[in-house]
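Visitor: For the sequence shown, this note's numbering assigns the number 1123 to the initial residue and increments by one for each residue that follows.
Idealized CB from N, CA, C, for every residue including glycine.
Let me begin by handing over the structure; questions about it come next.
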Amino acid sequence: MVTSHVVTENIGLQYVSSIWLMAYSALFSIVNPLGASLIFAQATMGRARPEVVSLARLVAFYSFVVLMVSIWFGGEILTFFGITINALRVTGGLVVATRAWSMLQEPEESEARKERQALQGGRTVATPDLRDKAFFPFAMPFTVGPGSISVAIALSSERPAVDPRPAYFMGLTLAVICISVTVGIVYAYAERIVALLGVTGARIVSRLAALILLCIGIQILFSGIEGFVNDVAQQWRTYHT
């Protein structure tokens, strides 16, 4: 009995770890904290170190809240409006894959868009206290925009119908915690990271992350298509039985 319990526990930990790795990879790819740190460092240039660190922590916290709401309630809200899980998977997979493809093809355009969001035409950098802008525009849409929310909802749609559903959401929650901590650390040390990686290094990391995100998006898309095919096949068998 003890051996069986240990084996079951190990399988559960392995499952949570695999979900965490998939979700963290997807969120890291779309949030792209290393690439965003280039712009964050520019937006906070000349600010006191304590203010930058405090801003980074607030952005990380708000990003955590937005992603958690998206993961835990995003899919449920769409389901409430009659949108099936398979439809959500197909749509989410398409959105994620399309977003990843654009990141692969034109990363500079994505950087320019984020820079406009962060700087807000110069109004943000002129703010007496940048922490007043922690939620908007630094957390949303600069760090976690529509793309990140779509990824979170798409990951939520991959949940099992029954067990191991709690373990699945545990893995997603751990991934959100880790990506939020990553954002806080990377933003807090943005100037040092920029000096270490440089623009070219950050863009290389961004492209690799986009490639991983593209694979995850396609996987979610085909999961939804497979679900549609299985539903049609089941209805066909029921009708002809």
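Rounded to the nearest angstrom, what separates glycine 1168 and serine 1185 at their Cα positions?
Guide: Between glycine 1168 and serine 1185, the C-alpha separation is close to 24 Å.
Visitor: Let's test the definition: count the other Cβ atoms within 10 Å of the Cβ of tyrosine 1290 and tell me whether it reaches 16, buried, or not, exposed.
Guide: buried
Visitor: The alpha helix (DSSP H) with isoleucine 1193 in it runs from where to where?
Guide: That residue, isoleucine 1193, is in no alpha helix (DSSP H); it is neither H nor E in DSSP.
Visitor: Report the residue from Leu1294, Leu1135, Pro1155, Leu1226 whose alpha carbon sits nearest the alpha carbon of serine 1192.
Guide: Considering only alpha carbons, the answer is Leu1294.
Visitor: For serine 1328 and glycine 1157, which I take to be in contact (beta-carbon distance under 8 Å), what is that distance rounded to the nearest angstrom?
Guide: 4 Å
Visitor: Could you tell me if proline 1282 is buried or exposed, where buried requires 16 or more neighbouring beta carbons within 10 angstroms of its beta carbon?
Guide: Its Cβ having fewer than 16 others within 10 Å, proline 1282 is exposed.
Visitor: Using 8 Å as the cut-off, can you tell me whether the region 1142-1160 makes contact with the region 1297-1307, which would need three or more C-beta pairs spanning the two stretches below that distance?
Guide: yes
Visitor: Can you tell which of Gly1346, Ala1145, Cys1337, Ile1161 has its C-alpha closest to the C-alpha of arginine 1325?
Guide: Ile1161
Visitor: Express the C-alpha separation of alanine 1178 and leucine 1252 in angstroms, rounding to a whole number.
Guide: 10 Å
Visitor: Glutamate 1348 to proline 1286, Cα distance in whole Å?
Guide: In a straight line, the C-alpha of glutamate 1348 is about 20 Å away from that of proline 1286.
Visitor: Per DSSP, what kind of secondary structure is glycine 1349 in: helix, strand or coil?
Guide: DSSP places glycine 1349 in helix when its eight states are reduced to three.
Visitor: Quick one, are the C-beta atoms of alanine 1148 and leucine 1277 less than 8 Å apart?
Guide: yes
Visitor: Quick check: the Cα distance between leucine 1343 and phenylalanine 1183, rounded to an integer number of angstroms?
Guide: The alpha-carbon separation between leucine 1343 and phenylalanine 1183 amounts to approximately 30 Å.
Visitor: Please list the terminal residues of the continuous alpha helix (DSSP H) segment that includes arginine 1287.
Guide: For arginine 1287, the enclosing alpha helix (DSSP H) has its first and last residue at 1287-1310.
Visitor: Less than 8 Å between the C-beta atoms of glutamate 1280 and serine 1224, yes or no?
Guide: Pairing glutamate 1280 with serine 1224 gives a Cβ-Cβ distance that is not under 8 Å.
Visitor: Using only CA atoms, which one of Arg1171, Arg1221, Ala1165 lies nearest to isoleucine 1340?
Guide: For the set Arg1171, Arg1221, Ala1165, the Cα lying nearest the Cα of isoleucine 1340 is the one of Arg1221.
Visitor: Can you tell which of Ala1274, Phe1264, Trp1358 has the C-alpha that lies nearest to the C-alpha of valine 1218?
Guide: Ala1274
Visitor: Within its chain, find whatever has a CB closer than 8 Å to the CB of serine 1140; leave out the 5 residues flanking it on each side and keep chain order.
Guide: For serine 1140, same chain residues with a beta-carbon under 8 Å away, outside a window of 5 residues either side, are Gly1293 in chain order.
Visitor: Inspect the beta-carbon positions of alanine 1310 and valine 1175 and report whether they are closer than 8 Å.
Guide: yes
Visitor: Take the Cβ of threonine 1322 as the centre, count every other Cβ of all protein chains shown within 10 Å, and call the residue buried at 16 or more, exposed below.
Guide: exposed
Visitor: Could you check whether leucine 1189 and valine 1298 sit closer than 8 Å to each other, using their CB atoms as the reference points?
Guide: yes
Visitor: At which residues does the alpha helix (DSSP H) containing tryptophan 1268 begin and terminate?
Guide: It is proline, not tryptophan, that sits at residue 1268 in the sequence shown. Here the alpha helix (DSSP H) through proline 1268 covers 1268-1279.
Visitor: With a CB to CB cut of under 6 Å and the five nearest residues on each side skipped, what residues in its chain are close to alanine 1261?
Guide: Val1181, Tyr1184, Ser1185
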